[in-house]
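S.K.:
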Amino acid sequence: MAEKKITADKKAEEAVKEVKAEVKSAAEKTGAAVKETAKKAVKTAEKAVKTATKAKKETVKKAVEAEIKDEVFVQFAGGEINVEAVVAAAKADYKAKGHRTPKTVSVYIKPEEGVAYYTVKGVGSEDYKVEL
64 MAEKKITADK KAEEAVKEVK AEVKSAAEKT GAAVKETAKK AVKTAEKAVK
114 TATKAKKETV KKAVEAEIKD EVFVQFAGGE INVEAVVAAA KADYKAKGHR
164 TPKTVSVYIK PEEGVAYYTV KGVGSEDYKV EL
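Here the sequence shown stands for residues 64 to 195, numbered as in our numbering.
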């Protein structure tokens, strides 16, 4: 009977060793998986930071560009014409004639006549004018 107990004890010890080995292996695999997941999370966070930084830089750049704006005035016969205002008026006039607001217009200021003529996509007419 003592012999059966020793055999049972050895089997139990072997079973315990196998379980310990399996637990250790599982822990190592889990640890590797956790490390890999952590690495992926760090990479994702780094990408998010880069994207946010780039977006912030672009926003700041656009804000600075919007603040830095040239103004052009034409002075003639004691009067002054703001070119930017004439361009805006030409676009508004074109829209008021039933068209979409154009992205760009070509404006021809004739201070001696007190008007500015404009064309959109190279097309103009006598009706395409604004009073100065």
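Yeah, the Cβ is synthetic: ideal placement off N, Cα and C, and Gly gets one too.
#1: Is it a yes or a no for the region 168 to 183 touching the region 144 to 156, going by three-plus beta-carbon pairs under 8 angstroms?
#2: Check whether the region 162 to 179 touches the region 128 to 147, taking contact to mean three or more Cβ pairs, one atom from each stretch, closer than 8 angstroms.
#3: Go to residue 157, then tell me how far its alpha helix (DSSP H) extends in each direction, as first and last residue.
#4: If you draw a straight line from the alpha carbon of residue 117 to that of residue 132, how long is it in whole angstroms?
#5: I'd like the span of the beta strand (DSSP E) that includes residue 178, first residue to last.
#6: Under the three-state reduction of DSSP, which class applies to residue 123: helix, strand or coil?
#7: So who's on the other strand from residue 172, going by DSSP bridges?
#8: Could you check whether the region 117 to 127 touches the region 152 to 159, counting it as contact only if at least three pairs of C-beta atoms, one from each stretch, sit closer than 8 angstroms?
#9: Short check: CB of residue 158 to CB of residue 164, under 9 angstroms?
#10: So residue 172 packs on residue 135, CB below 8 angstroms; how close in whole Å?
#11: Between residue 102 and residue 83, what straight-line distance do the alpha-carbon atoms span, to the nearest angstrom?
#12: Alpha carbon to alpha carbon, what distance is there between residue 114 and residue 125?
#13: State the start and end residues of the unbroken beta strand (DSSP E) segment that holds residue 192.
M.R.: Looking at the atomic coordinates:
#1: yes
#2: yes
#3: 146 to 159
#4: 23 angstroms
#5: 178 to 182
#6: helix
#7: 179
#8: no
#9: yes
#10: Between residue 135 and residue 172 the Cβ distance is about 10 angstroms, and since that is not below 8 angstroms, they are no contact.
#11: 28 angstroms
#12: 16 angstroms
#13: 192 to 194
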